[in-house]
Structure formats: C-alpha cells, structure tokens
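Working notes for the structure below.
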Amino acid sequence: MTPLLRRFRLPFVASSTRASLALLVIMFVLATAIVSAQEKAPRPNILWLLIEDSSPNFVGPYGDPLARTPTADRLAKDGIVFDRCYSAPVCAPSRNSLATGRYASSMGTQHMRSTRPLPAGVKMFTQYLREAGYYCTNNVKTDYNTSSDWSAALDEVSAKADWRGRKPGQPFFAIFTFMQSHEEYLQTRQPLNTDPAKVHVPGYLPDTAVVRADVAQYYDLVESADAAAGAVLARLEADGLMEDTIIFYAADNGGVVAGSKRFLNENGTRVPFIVRLPKKYAHLAPAAAGGRNGELVNFVDFGPTVFSLLGIEPPAQFQGRAFAGPARAPAPEFAFMFRDRMDERYDMIRAVSDGRYRYIRNYYPDRPLGQRIDFLWKMASMQEWETHYRSGNLNAAQRRFFEPKAVEELYDLERDPDNIHNLAADPAQAERLARLRAALHAHQLAIRDTGFMLEPMMVAQAGTGSPAAVAADDSRYPLARLISLVDGLQLGAGPDALALRAAAAKDPLPIVRYWAAAAALDRLDTPAPDIAPCCTTPMPPCASPPPRRSCGAAAIRPPCR
891 MTPLLRRFRL
901 PFVASSTRAS
911 LALLVIMFVL
921 ATAIVSAQEK
931 APRPNILWLL
941 IEDSSPNFVG
951 PYGDPLARTP
961 TADRLAKDGI
971 VFDRCYSAPV
981 CAPSRNSLAT
991 GRYASSMGTQ
1001 HMRSTRPLPA
1011 GVKMFTQYLR
1021 EAGYYCTNNV
1031 KTDYNTSSDW
1041 SAALDEVSAK
1051 ADWRGRKPGQ
1061 PFFAIFTFMQ
1071 SHEEYLQTRQ
1081 PLNTDPAKVH
1091 VPGYLPDTAV
1101 VRADVAQYYD
1111 LVESADAAAG
1121 AVLARLEADG
1131 LMEDTIIFYA
1141 ADNGGVVAGS
1151 KRFLNENGTR
1161 VPFIVRLPKK
1171 YAHLAPAAAG
1181 GRNGELVNFV
1191 DFGPTVFSLL
1201 GIEPPAQFQG
1211 RAFAGPARAP
1221 APEFAFMFRD
1231 RMDERYDMIR
1241 AVSDGRYRYI
1251 RNYYPDRPLG
1261 QRIDFLWKMA
1271 SMQEWETHYR
1281 SGNLNAAQRR
1291 FFEPKAVEEL
1301 YDLERDPDNI
1311 HNLAADPAQA
1321 ERLARLRAAL
1331 HAHQLAIRDT
1341 GFMLEPMMVA
1351 QAGTGSPAAV
1361 AADDSRYPLA
1371 RLISLVDGLQ
1381 LGAGPDALAL
1391 RAAAAKDPLP
1401 IVRYWAAAAA
1411 LDRLDTPAPD
1421 IAPCCTTPMP
1431 PCASPPPRRS
1441 CGAAAIRPPC
1451 R
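Numbering (my numbering), first residue to last: 891 to 1451.
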C-alpha cells in the first residue's frame, strides 16, 4: 500500500472499500487543483475583429469554395464556428445592440443614424469593463447610433488604437473594424479576382453580367478585409498575447450585394461568427476546438458572453444571454430581428427565426422594399435590378422587391435559403405561422418594442429623453393593444376590421389614430367612410416611392399601384 493510501486507511472498513474511498479522495484533490489553477489563471484579454457587411457565404469556414479568408479559416481550425448568428441588417443599429447588449428596438435607437439617447442606467458595456480594470479601445469605427456620451466607455478611439497603450499586465478589450468590405467599395468596379461565372446569384436578383460582377467583387473585398484582420493577429502574436486572448471574428451585419443589407431576409441578417479560445481557457468554451455550434445567437448575446468569460457580474441592462463561460445559459428557441428607417426611407419590419423557418412581419405592407435609397442605388447591381424591373424583364420573385409587401412572410430556410417562396398563405403552415407570430408578439412585449411610435412622435414625446421611457408608460404607449390593433387592421377582413378601423380613427391617443390611418392605406379596397376622403386618390404605377401626402394628422406615403 502506498503512503498516500495508508494516510487514508480507516479502521473497521474493508480494504477494498478503503481503496475506493482513497481513490475518491485523490480524484477530489486533483479536481480541486484543476479548478484552483483555472481560477488563478489571469483574466483573458478580449479581441473583436469585425469585417463590414458580410454574409457567411463569403467567409471560408461556411463552405463556399470561392471564399478566400485564411484568417477566418485559421481561427475556425482552433476555434468554434457559429452557424446561426443574427444581427440587425445595417451597421449603426447593429453596433448599438453590440455596444449595449440590448435590442436597439427596445430603446428607440433602431433608426439608421439615430440621435436618440440611451435609457437611464444603460451604458456601453465597455464602461463596466473599464471599471473592472480593463483597458478598452476601438479602432476605429464607432457608429453607436445614439446621442449619449460614451467617452467613459473607451480608453482610446483612433486608427492606431490597440492594446499597446495599456499599463504593464493590464488586461484589455479591443475592437477592430475592417472597412475593406464596406458597401461603398462595391460602388466602383475594380479588377476581379473571383470568376463571375462561378458565383451564386440569389433568386431575388436578375442573373446578369452586372449582378454577377458585383457578387464576384464582393468576394474580393471580403478577402481584403480578412487579410487586414490577419495583420492584427500577426501583431498580437508578435507581442506574445495570442494564447492570453479570446478572439471574436464576425461581420457587423449581413450583405452587401443588392437585396441583402438593410433587409430582414437571411442574407441581410445572418452573419459569420467564429470564436477562438486559447487552451488555458478551453474550459469556458461551449464546444470543442475545431467544432461548430448550431445554437441561435444574437448580437445582444455578445456582451453577456464577454462578462461570463471574464467572470464579471453582468449589469442588469443586458437582454441577451451568455453562450460561453460559467454563466452560459440554455440556447433560446428563437432569434429576433428588426428593421426600421434606413437612411431617408421609412419602414417597420420585424422577423423571428427558429433556425429552420423565418417569419417576417411587415407593418407597412404598402411600401415596397425597393424604396429608393440614394446610397444603395449607387451599387451597379441595384441599378441593374431597377432597370430590368422597369423594362418588365423580371420574374415574380425578382419583381416582388418593387411591389407592395405581404403583411406576413414565412420561409423554409433549409429548402429556400434565398427566401423567395413565401409559405405564409399555405394552410399546411398555419400552425407554424401562428407559433412564430406569437413568439414575435411575446418578444415585442418583453422588450417594449418602440417601433409602433412613428419617429417624429417618438422625438416629440420623448423630448431630450429616451423613447424607452415613453414606451414603458402604457397610458401613452399601450403596446399590447397596439399589437392587437394593427394585427386586426392588417390581418383581419370584413365588417369587423372596418369597425375596428373606424373606432381606432376616433381614439383619443394620436398613436392609435395614426395606425388607423396607416391601415387605410394598406387596405384601400375597403376604406372606412370617415377615413376614405383623404386616402383614395388613385396613384400611378411606380418603382421609386412617390411623394408623401397627408392623411389626417399623419404623413404617410401612398402605395404604388
């Protein structure tokens, strides 16, 4: 018997039992030692590498042979590839959610280039990290989509910002954004490295040489962004920090070829996302290195996950969940997405996915997706798309972008990744449609979705404060009633819908009257008598939105006919 076993020898106990007990003690001691070593390991550094505007198919680990992204490939080999990560479909609202761990639609910061302040008590989460001793930098894009002062959230914001300005031994959180893949660089044709003949053209776009050239060029742009990310990794390695740093590699939104960025289809909202954890932090990972994770992940989850990985108590403001680290929470059943004003064009769309199906709810169905946005129209593929629409050369799936929207859409993501076959009217999908619709309603109520406030109303009622304060007041913003009302107006039919609309048009709350007027435009075939006089002027066919006209107290764009 070894000295260690003699040490644990117990009288009146059989030798075999004593051996078993001793073995258990040894295992406990070893486990305690491992846990102790993990607890004594220094807090990891965090590095975020964000490429602009990319869908997963442009990044190598997602299987497209045309993608050339060696940096992403390397991180995937030693890390975890997330297959279902979702964001807002455009940069500023998306970055607002990243920076706060909250849905921008819950704060009134969902409109592109918003100047709304954050709610009371909500901060950029890096401010909490700084208070915990972290050195926090951003190189260099902020675009936080709020008027709130965030100077206390970062130690440095510049084109030279990195971890090298920290104190000796101080842990860091650093963000780098790589603009090489931004939409603006697709507005000028460049020599192509990718063969246009080999690219996949989404089913909603015309398959033309111009469109193929844009898709091909975007592979080249993502390659350049990935190379820039690789240069940052090389600097990290040169400083001997690679094995002390947890790395997130992602795009800030989907895109970017016409019909993806800004829209709530799969191509506009699903982004590449890879996480690499050094071996010393492998116990914090949700999967083995080199593996994949199919859980639903949203940008509001990034902040909670960072706090979990660092072992820091998370602030109460977070609306997401940790997908790694000791505070890891179970995977959600649904992922939620939002889309409101994009630059100069107004809309309100919400979406929910269970990973297999995507439900889209269009709250302004009279407004085509293809409302002209000047910046978007600088892209050759967008101009080509409109040209073919005006000349009548598009099929139904391609033409739909320029026509009034369905109130509800439902897509099978496995069989229809381009989201062109709307199943919402299929009786066989009625139960699934109702389930996803109910999930969206529950989410909107849980976060107090501010989207039913027209933006001028939001500004007027909130004043210099956050629209979230208005949304929290049910006397001014009866959200459950609004959701039910708008569904009744837009999904209902017959006398009941007409009576509901007529009653809403006389409601003392301006926001209720507004939605009655909006519904009158959606359903011009059955106008309510007291709304009809200002809303029945025939409109000519159009591809770009015609001028707005006033309908009662609300300025609403009439539908294309």
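For each residue, glycine too, the CB sits at the ideal point set by N, CA and C.
Just confirm the distance between the C-beta atoms of Leu1323 and Ala1314, as a whole number of angstroms; I'd bet it's less than 8 Å.
-> 6 Å
Which two residues bound the contiguous beta strand (DSSP E) that contains Thr1067?
-> It spans 1062-1068 - the beta strand (DSSP E) in which Thr1067 sits, taken as one unbroken run.
Assign Ser1365 to buried or exposed, taking buried as 16 or more other Cβ atoms, counted over all protein chains shown, within 10 Å of its Cβ.
-> exposed
Which one of Arg1280, Pro951, Thr961 has the shortest CA to CA distance from Leu939?
-> Thr961
Based on Cα-Cα distance, which residue from Asp1397, Gly1353, Pro1346 lies nearest to Pro1368?
-> For Pro1368, the nearest C-alpha among the options comes from Asp1397.
Quick one: what's Asn1083 bridged to in DSSP?
-> None, per the DSSP bridge assignment.
Could you check how far apart the C-beta atoms of Leu1379 and Arg1391 are, in whole angstroms? I think they sit under 8 Å.
-> 6 Å
Taking Cβ positions, are Gly1093 and Ile1310 nearer each other than 7 Å?
-> Yes; because the gap between Cβ atoms is below 7 Å, this pair is in contact.
Grab me the residues of Thr959's own chain with a C-beta within less than 6 Å of its C-beta, minus the 5 sequence neighbours each way, in chain order.
-> Val949, Gly950, Asp1116
First and last residue of the alpha helix (DSSP H) that includes Tyr1108?
-> It spans 1099-1128 - the alpha helix (DSSP H) in which Tyr1108 sits, taken as one unbroken run.
Where are the alpha helix (DSSP H) runs, 4 residues long or more, that stay fully inside the stretch 963-991, in chain order?
-> 981-990
Helix or strand or just coil, what does DSSP make of Pro1162?
-> strand
Residue from Arg1403, Tyr1301, Glu1234, His1278 whose Cα sits closest to the Cα of Ala1241 | Tyr1301
DSSP three-state assignment for Glu1293, whether helix, strand or coil = coil
Pick helix, strand or coil for Asn1029, following the three-state DSSP scheme.
-> It is a strand residue.
When DSSP labels each residue in this structure, what does Asn1309 get in the three-state scheme?
-> Annotated three-state conformation of Asn1309 is coil, per DSSP.
Taking the CB atoms as reference points, tell me whether Thr1078 and Asp1110 lie closer together than 7 Å.
-> no
Per the contact definition of three or more C-beta pairs closer than 8 Å, is the stretch 967-980 in contact with the stretch 1186-1194?
-> yes
Rank Ile1065, Arg1020, Ala1043 by C-alpha distance to the C-alpha of Lys1031 and give the top, closest one.
-> Ile1065
Could you tell me if Ala1286 is buried or exposed, where buried requires 16 or more neighbouring beta carbons within 10 angstroms of its beta carbon?
-> exposed
Count the other CB atoms, across all protein chains shown, that sit within 10 Å of the CB of Thr1005; report buried if there are 16 or more and exposed otherwise.
-> With fewer than 16 Cβ atoms within 10 Å of its Cβ, Thr1005 is classed as exposed.
DSSP three-state assignment for Asp1377, whether helix, strand or coil | Asp1377 falls in the helix class under three-state DSSP.
Would the beta-carbon of Thr1340 be found less than 6 Å away from any heavy atom of the ligand GDP?
-> As far as ligands go, the structure on display features none, and thus does not contain the ligand GDP.
Could you check which residue in Leu1167, Phe1153, Glu1234, Leu1199 has the C-alpha nearest to that of Asn1252?
-> Phe1153
Decide if Arg1003 is buried, meaning its Cβ has at least 16 other Cβ atoms within 10 Å, or exposed.
-> With a 10 Å radius around the Cβ and a threshold of 16 neighbouring Cβ atoms, Arg1003 comes out exposed.
So what does DSSP say about Phe1224, is it helix, strand or coil?
-> coil
Does DSSP put Gly1341 in a helix, in a strand, or in coil?
-> Gly1341: helix per DSSP, three-state reduction.
Just mark Ser996 as buried or exposed, buried being the case when its beta carbon has 16 or more other beta carbons within 10 Å.
-> buried
If you draw a straight line from the C-alpha of Pro1307 to the C-alpha of Asn1283, how long is it?
-> 23 Å
What separation, rounded to the nearest whole angstrom, lies between the Cα atoms of Gln928 and Ala1124?
-> In this predicted model, Gln928 has a pLDDT of only 46, less than 50, meaning its place in the structure is not dependable; the value taken from the coordinates is given anyway. Taking the straight line from one Cα to the other gives about 27 Å.
Mind checking which residues open and close the alpha helix (DSSP H) that includes Val1015?
-> Checking the sequence, you will find Phe at residue 1015 rather than Val. Unbroken alpha helix (DSSP H) run through Phe1015: 1015-1021.
Check each candidate in Asp1129, Phe1292, Ser1374 and name the one with the smallest Cα separation from Gly1260.
-> Phe1292
Is Ser1041 buried or exposed, if buried means 16 or more other CB atoms sit within 10 Å of its CB?
-> exposed
C-beta atoms of Arg1102 and Pro1086 nearer than 7 Å = yes
Can you give me the start and stop residues for the alpha helix (DSSP H) that Glu1299 sits inside?
-> That residue, Glu1299, is in no alpha helix (DSSP H); its beta strand (DSSP E) goes 1298-1302.
From which residue to which residue does the alpha helix (DSSP H) around Thr1135 run?
-> First-last for Thr1135: 1135-1141, but that is the beta strand (DSSP E), not the alpha helix (DSSP H).
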